[in-house]
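Notes follow the structure.
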Amino acid sequence: MCMVIFAPIFAICAFATCGGYYGHLQVKVDCADRRQNNRSINIDFGYPFRLQQVHFKAPLCKENRDEIIFLEGDFSSAAQYFMTVGVFAFLYSLLATIVYVFYQNKYLKNNRGPLVDFVVTIIFSFMWLVSSCCWAKTLSDIKTVTNPTQVLLLITSCRAQENKCTATEEPLWSRLNTSVVFGFVNVVLWSGNIWFVFKETGWYKTGQRYPTRSASGKRSGSMRQRLYSESSFDQPEENFAPSRQNSFNLSKGDFDHQLQRQASINQTQVSFSLPQTYLGKPVIYDREDKVASQGPMIFVNEM
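Letter by letter, the sequence shown follows residues -16 to -1, 1 to 287 in mature numbering (1 follows the signal peptide of the UniProt record, and there is no 0).
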(Lines of atoms letter the chains of each structure in order from A and count residues from 1; the text may use other names and numbers.)
(Lines give C-alpha, C1' and ligand atoms only; values in the text may rest on other atoms or scores of the structure.)
Protein backbone atom coordinates (compact mmCIF):
# COMPACT_ATOMS: atom_id res chain seq x y z
CA MET A 1 0.00 0.00 0.00
CA CYS A 2 2.87 2.35 0.70
CA MET A 3 4.17 1.77 -2.84
CA VAL A 4 0.74 2.63 -4.25
CA ILE A 5 0.70 5.98 -2.48
CA PHE A 6 4.28 7.21 -2.59
CA ALA A 7 6.10 5.35 -5.37
CA PRO A 8 4.49 7.20 -8.31
CA ILE A 9 5.05 10.57 -6.63
CA PHE A 10 8.74 10.05 -5.87
CA ALA A 11 9.35 8.48 -9.27
CA ILE A 12 7.93 11.58 -10.98
CA CYS A 13 10.03 13.84 -8.77
CA ALA A 14 13.18 11.85 -9.59
CA PHE A 15 13.01 11.88 -13.39
CA ALA A 16 11.38 15.32 -13.63
CA THR A 17 14.18 17.07 -11.74
CA CYS A 18 16.79 15.32 -13.87
CA GLY A 19 15.25 15.39 -17.33
CA GLY A 20 14.32 19.04 -17.58
CA TYR A 21 17.59 20.52 -16.39
CA TYR A 22 19.45 23.29 -18.26
CA GLY A 23 22.63 24.83 -16.96
CA HIS A 24 24.07 28.20 -17.83
CA LEU A 25 27.65 29.36 -17.43
CA GLN A 26 28.99 32.78 -18.35
CA VAL A 27 32.62 33.92 -18.45
CA LYS A 28 34.19 37.23 -19.42
CA VAL A 29 37.50 37.73 -21.26
CA ASP A 30 39.49 41.00 -21.13
CA CYS A 31 42.42 41.16 -23.53
CA ALA A 32 45.52 43.06 -22.55
CA ASP A 33 45.89 44.78 -25.97
CA ARG A 34 42.39 46.27 -25.58
CA ARG A 35 41.25 44.94 -28.92
CA GLN A 36 38.43 42.92 -27.35
CA ASN A 37 37.37 44.06 -23.91
CA ASN A 38 34.63 42.65 -21.68
CA ARG A 39 33.87 39.87 -24.08
CA SER A 40 31.13 37.74 -22.48
CA ILE A 41 30.86 34.07 -23.38
CA ASN A 42 27.65 32.12 -22.66
CA ILE A 43 27.82 28.34 -22.28
CA ASP A 44 24.57 26.36 -22.09
CA PHE A 45 24.24 22.65 -21.44
CA GLY A 46 21.60 20.26 -20.15
CA TYR A 47 20.11 16.77 -20.29
CA PRO A 48 21.32 14.27 -21.57
CA PHE A 49 24.66 15.92 -20.73
CA ARG A 50 26.61 15.14 -23.86
CA LEU A 51 29.09 17.84 -23.04
CA GLN A 52 31.47 16.94 -25.85
CA GLN A 53 28.84 18.40 -28.19
CA VAL A 54 28.60 21.69 -26.30
CA HIS A 55 30.78 24.35 -27.87
CA PHE A 56 31.29 28.09 -27.63
CA LYS A 57 33.42 30.81 -29.24
CA ALA A 58 36.21 32.54 -27.37
CA PRO A 59 38.33 35.49 -28.59
CA LEU A 60 41.99 35.17 -29.42
CA CYS A 61 43.56 38.29 -28.00
CA LYS A 62 46.71 38.18 -30.17
CA GLU A 63 44.69 37.56 -33.30
CA ASN A 64 41.55 39.28 -34.43
CA ARG A 65 39.46 36.15 -34.61
CA ASP A 66 37.59 33.63 -32.44
CA GLU A 67 38.29 30.04 -31.61
CA ILE A 68 35.72 27.27 -31.13
CA ILE A 69 36.06 25.31 -27.92
CA PHE A 70 34.22 22.11 -26.91
CA LEU A 71 33.58 20.88 -23.43
CA GLU A 72 34.80 17.45 -22.40
CA GLY A 73 32.91 14.29 -21.48
CA ASP A 74 29.81 12.31 -22.40
CA PHE A 75 27.60 11.67 -19.36
CA SER A 76 24.44 10.70 -21.17
CA SER A 77 24.47 6.99 -20.27
CA ALA A 78 24.08 7.41 -16.51
CA ALA A 79 21.56 10.24 -16.88
CA GLN A 80 19.41 8.32 -19.37
CA TYR A 81 19.58 5.17 -17.29
CA PHE A 82 18.37 7.11 -14.25
CA MET A 83 15.55 8.60 -16.30
CA THR A 84 14.53 5.23 -17.73
CA VAL A 85 14.32 3.61 -14.31
CA GLY A 86 12.22 6.50 -13.04
CA VAL A 87 9.77 6.36 -15.95
CA PHE A 88 9.31 2.59 -15.82
CA ALA A 89 8.95 2.65 -12.04
CA PHE A 90 6.24 5.28 -12.40
CA LEU A 91 4.37 3.22 -15.02
CA TYR A 92 4.61 0.04 -12.98
CA SER A 93 3.37 1.87 -9.89
CA LEU A 94 0.31 3.07 -11.78
CA LEU A 95 -0.33 -0.44 -13.09
CA ALA A 96 0.03 -1.90 -9.60
CA THR A 97 -2.39 0.70 -8.25
CA ILE A 98 -5.02 -0.29 -10.80
CA VAL A 99 -4.56 -3.99 -10.04
CA TYR A 100 -4.75 -3.49 -6.28
CA VAL A 101 -7.93 -1.46 -6.50
CA PHE A 102 -9.94 -3.10 -9.29
CA TYR A 103 -8.48 -6.59 -9.72
CA GLN A 104 -7.72 -7.72 -6.18
CA ASN A 105 -9.31 -11.16 -6.62
CA LYS A 106 -7.37 -11.92 -9.79
CA TYR A 107 -4.23 -10.58 -8.15
CA LEU A 108 -4.50 -13.11 -5.30
CA LYS A 109 -5.67 -16.01 -7.48
CA ASN A 110 -3.23 -18.96 -7.47
CA ASN A 111 -0.69 -16.71 -5.73
CA ARG A 112 0.74 -15.62 -9.10
CA GLY A 113 0.13 -11.91 -8.66
CA PRO A 114 2.02 -11.57 -5.36
CA LEU A 115 4.93 -13.66 -6.66
CA VAL A 116 5.30 -11.53 -9.81
CA ASP A 117 4.95 -8.36 -7.78
CA PHE A 118 7.59 -9.60 -5.34
CA VAL A 119 10.13 -10.34 -8.08
CA VAL A 120 9.49 -7.05 -9.90
CA THR A 121 9.83 -5.08 -6.66
CA ILE A 122 13.24 -6.65 -6.00
CA ILE A 123 14.35 -5.81 -9.55
CA PHE A 124 13.26 -2.17 -9.28
CA SER A 125 14.91 -1.84 -5.87
CA PHE A 126 18.21 -3.02 -7.35
CA MET A 127 17.83 -0.81 -10.42
CA TRP A 128 17.08 2.25 -8.31
CA LEU A 129 20.17 1.58 -6.21
CA VAL A 130 22.47 1.19 -9.22
CA SER A 131 21.02 4.12 -11.15
CA SER A 132 21.12 6.46 -8.14
CA CYS A 133 24.74 5.62 -7.34
CA CYS A 134 25.79 6.02 -10.99
CA TRP A 135 23.91 9.28 -11.34
CA ALA A 136 25.43 10.70 -8.14
CA LYS A 137 28.94 9.91 -9.44
CA THR A 138 28.11 11.31 -12.88
CA LEU A 139 26.74 14.50 -11.41
CA SER A 140 30.00 15.00 -9.54
CA ASP A 141 31.90 14.61 -12.83
CA ILE A 142 29.58 17.08 -14.59
CA LYS A 143 30.21 19.65 -11.87
CA THR A 144 33.95 19.19 -12.32
CA VAL A 145 33.84 19.60 -16.09
CA THR A 146 31.59 22.67 -15.99
CA ASN A 147 33.50 24.31 -13.17
CA PRO A 148 34.34 27.87 -14.26
CA THR A 149 38.00 27.39 -13.38
CA GLN A 150 38.16 24.30 -15.58
CA VAL A 151 36.34 26.02 -18.44
CA LEU A 152 38.67 29.03 -18.34
CA LEU A 153 41.65 26.73 -18.73
CA LEU A 154 40.20 25.60 -22.09
CA ILE A 155 40.35 29.15 -23.47
CA THR A 156 43.69 30.00 -25.04
CA SER A 157 43.52 33.70 -24.18
CA CYS A 158 42.86 32.92 -20.52
CA ARG A 159 46.01 30.83 -20.25
CA ALA A 160 48.07 33.97 -20.92
CA GLN A 161 48.87 35.87 -17.73
CA GLU A 162 48.44 39.31 -19.30
CA ASN A 163 44.76 38.65 -20.08
CA LYS A 164 42.05 38.74 -17.47
CA CYS A 165 39.28 36.11 -17.42
CA THR A 166 36.49 35.84 -14.84
CA ALA A 167 33.29 33.86 -14.37
CA THR A 168 30.23 36.03 -14.06
CA GLU A 169 27.57 33.30 -13.76
CA GLU A 170 27.76 29.74 -12.53
CA PRO A 171 25.32 26.85 -12.99
CA LEU A 172 22.75 26.12 -10.32
CA TRP A 173 22.96 22.52 -9.11
CA SER A 174 20.11 22.42 -6.61
CA ARG A 175 17.75 20.75 -9.06
CA LEU A 176 20.17 17.96 -9.95
CA ASN A 177 21.07 17.51 -6.30
CA THR A 178 17.38 17.06 -5.58
CA SER A 179 17.13 14.39 -8.26
CA VAL A 180 19.90 12.41 -6.54
CA VAL A 181 18.07 12.68 -3.22
CA PHE A 182 14.83 11.48 -4.80
CA GLY A 183 16.72 8.59 -6.35
CA PHE A 184 17.90 7.31 -2.97
CA VAL A 185 14.46 7.93 -1.47
CA ASN A 186 13.10 5.59 -4.13
CA VAL A 187 15.74 3.03 -3.15
CA VAL A 188 14.51 3.09 0.45
CA LEU A 189 10.86 3.08 -0.60
CA TRP A 190 11.11 0.11 -2.97
CA SER A 191 13.41 -1.84 -0.67
CA GLY A 192 11.00 -1.41 2.22
CA ASN A 193 8.09 -2.44 0.02
CA ILE A 194 9.74 -5.86 -0.54
CA TRP A 195 8.61 -6.94 2.93
CA PHE A 196 4.99 -5.89 2.39
CA VAL A 197 4.82 -7.69 -0.95
CA PHE A 198 6.49 -10.77 0.54
CA LYS A 199 3.74 -11.00 3.16
CA GLU A 200 1.19 -11.47 0.36
CA THR A 201 3.03 -14.45 -1.12
CA GLY A 202 2.49 -18.08 -0.20
CA TRP A 203 6.07 -18.33 1.08
CA TYR A 204 5.29 -16.12 4.05
CA LYS A 205 2.05 -17.97 4.85
CA THR A 206 3.82 -21.33 4.68
CA GLY A 207 6.54 -20.14 7.03
CA GLN A 208 3.94 -19.05 9.58
CA ARG A 209 2.87 -22.63 10.33
CA TYR A 210 6.04 -23.72 12.02
CA PRO A 211 6.19 -21.05 14.75
CA THR A 212 2.61 -22.02 15.74
CA ARG A 213 3.53 -25.68 16.20
CA SER A 214 6.64 -24.84 18.12
CA ALA A 215 4.64 -22.56 20.40
CA SER A 216 2.14 -25.34 21.16
CA GLY A 217 5.05 -27.73 21.75
CA LYS A 218 6.56 -25.26 24.16
CA ARG A 219 3.25 -24.92 26.02
CA SER A 220 2.80 -28.71 26.30
CA GLY A 221 6.43 -29.07 27.42
CA SER A 222 5.97 -26.42 30.09
CA MET A 223 2.76 -28.12 31.25
CA ARG A 224 4.54 -31.47 31.55
CA GLN A 225 7.37 -29.85 33.43
CA ARG A 226 4.95 -28.17 35.84
CA LEU A 227 3.09 -31.43 36.47
CA TYR A 228 6.38 -33.20 37.07
CA SER A 229 7.48 -30.53 39.53
CA GLU A 230 4.18 -30.76 41.39
CA SER A 231 4.41 -34.56 41.61
CA SER A 232 7.99 -34.34 42.84
CA PHE A 233 6.87 -31.79 45.43
CA ASP A 234 4.17 -34.16 46.70
CA GLN A 235 6.56 -37.08 47.20
CA PRO A 236 7.92 -35.87 50.58
CA GLU A 237 4.31 -35.65 51.81
CA GLU A 238 3.72 -39.25 50.78
CA ASN A 239 6.97 -40.37 52.33
CA PHE A 240 6.23 -38.45 55.45
CA ALA A 241 2.69 -39.79 55.85
CA PRO A 242 3.66 -43.41 56.68
CA SER A 243 6.15 -42.32 59.31
CA ARG A 244 3.60 -40.03 60.89
CA GLN A 245 1.00 -42.83 60.80
CA ASN A 246 3.45 -45.25 62.33
CA SER A 247 4.27 -42.88 65.16
CA PHE A 248 0.56 -42.35 65.74
CA ASN A 249 -0.05 -46.10 65.80
CA LEU A 250 2.79 -46.56 68.30
CA SER A 251 1.39 -43.92 70.63
CA LYS A 252 -2.06 -45.44 70.25
CA GLY A 253 -0.71 -48.89 71.13
CA ASP A 254 0.92 -47.55 74.29
CA PHE A 255 -2.29 -45.86 75.25
CA ASP A 256 -4.32 -49.04 74.66
CA HIS A 257 -1.89 -50.99 76.80
CA GLN A 258 -2.32 -48.47 79.61
CA LEU A 259 -6.08 -48.69 79.35
CA GLN A 260 -5.98 -52.47 79.53
CA ARG A 261 -3.95 -52.26 82.73
CA GLN A 262 -6.43 -49.84 84.24
CA ALA A 263 -9.28 -52.12 83.22
CA SER A 264 -7.68 -55.12 84.94
CA ILE A 265 -7.30 -53.13 88.15
CA ASN A 266 -10.95 -52.08 88.19
CA GLN A 267 -12.27 -55.47 87.09
CA THR A 268 -13.35 -56.40 90.61
CA GLN A 269 -15.49 -53.28 90.85
CA VAL A 270 -17.06 -53.37 87.39
CA SER A 271 -19.60 -55.98 86.40
CA PHE A 272 -18.64 -56.07 82.72
CA SER A 273 -15.38 -56.68 80.92
CA LEU A 274 -13.28 -53.96 79.42
CA PRO A 275 -12.86 -54.10 75.65
CA GLN A 276 -10.74 -52.33 73.07
CA THR A 277 -11.51 -48.68 73.51
CA TYR A 278 -11.11 -45.25 72.06
CA LEU A 279 -10.66 -42.09 74.03
CA GLY A 280 -13.60 -39.99 75.09
CA LYS A 281 -15.10 -38.84 78.38
CA PRO A 282 -16.78 -42.01 79.71
CA VAL A 283 -18.66 -42.56 82.97
CA ILE A 284 -17.72 -45.49 85.23
CA TYR A 285 -20.63 -47.19 87.10
CA ASP A 286 -20.45 -49.28 90.23
CA ARG A 287 -22.46 -52.38 91.05
CA GLU A 288 -25.54 -50.43 92.11
CA ASP A 289 -25.57 -48.77 88.62
CA LYS A 290 -24.78 -45.44 90.15
CA VAL A 291 -22.21 -43.07 89.01
CA ALA A 292 -19.15 -43.51 91.14
CA SER A 293 -16.77 -41.18 89.45
CA GLN A 294 -16.19 -39.49 86.16
CA GLY A 295 -13.00 -39.93 84.27
CA PRO A 296 -11.98 -40.74 80.79
CA MET A 297 -14.96 -42.28 79.10
CA ILE A 298 -14.35 -45.75 77.73
CA PHE A 299 -16.72 -47.28 75.24
CA VAL A 300 -16.71 -51.07 75.20
CA ASN A 301 -17.12 -53.35 72.25
CA GLU A 302 -17.34 -56.93 73.35
CA MET A 303 -15.29 -59.32 71.42
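Yeah, the Cβ is synthetic: ideal placement off N, Cα and C, and Gly gets one too.
Could you tell me which of the options sits nearest to residue i, measuring between CA atoms?
i, options, result
"residue 145", "55, 169, 107, 45", "45"
"residue -7", "164, 43, 170, 158", "170"
"residue 166", "90, 117, 99", "117"
"residue 31", "1, 105, 134", "1"
"residue 61", "12, 141, 125", "125"
"residue 80", "140, 33, 101", "101"
"residue 290", "96, 48, 8", "Outside the displayed span of the chain (-16 to 287) sits residue 290, for which this structure offers no information."
"residue 149", "27, 36, 16, 157", "16"
"residue 37", "54, 130, 23, 14", "54"
"residue 47", "88, 141, 5, 176", "141"
"residue 184", "113, 103, 134, 143", "103"
"residue 113", "143, 88, 23, 168", "168"
"residue 147", "121, 14, 138", "14"
"residue 105", "138, 176, 23, 86", "176"
"residue 64", "143, 138, 3, 139", "3"
Pull up the CB-CB distance for residue i and residue j, whole angstroms please, since I reckon it's below 8 angstroms.
i, j, result
"residue 160", "residue 123", "5 angstroms"
"residue 178", "residue 109", "6 angstroms"
"residue 181", "residue 98", "6 angstroms"
Using 9 angstroms as the threshold, is the C-beta distance between residue i and residue j below it?
i, j, result
"residue 25", "residue 10", "yes"
"residue 69", "residue 115", "yes"
"residue 74", "residue 119", "no"
"residue 155", "residue -2", "no"
"residue 43", "residue 51", "yes"
"residue 59", "residue 96", "no"
"residue 83", "residue 93", "no"
"residue 152", "residue 41", "no"
"residue 157", "residue -10", "no"
"residue 27", "residue 130", "yes"
"residue 6", "residue 163", "no"
>> Quick check on the DSSP output: what are the complete alpha helix (DSSP H) runs of length 4 or more inside the segment 62 to 139, in order along the chain?
In response: 88 to 92, 96 to 129, 132 to 138
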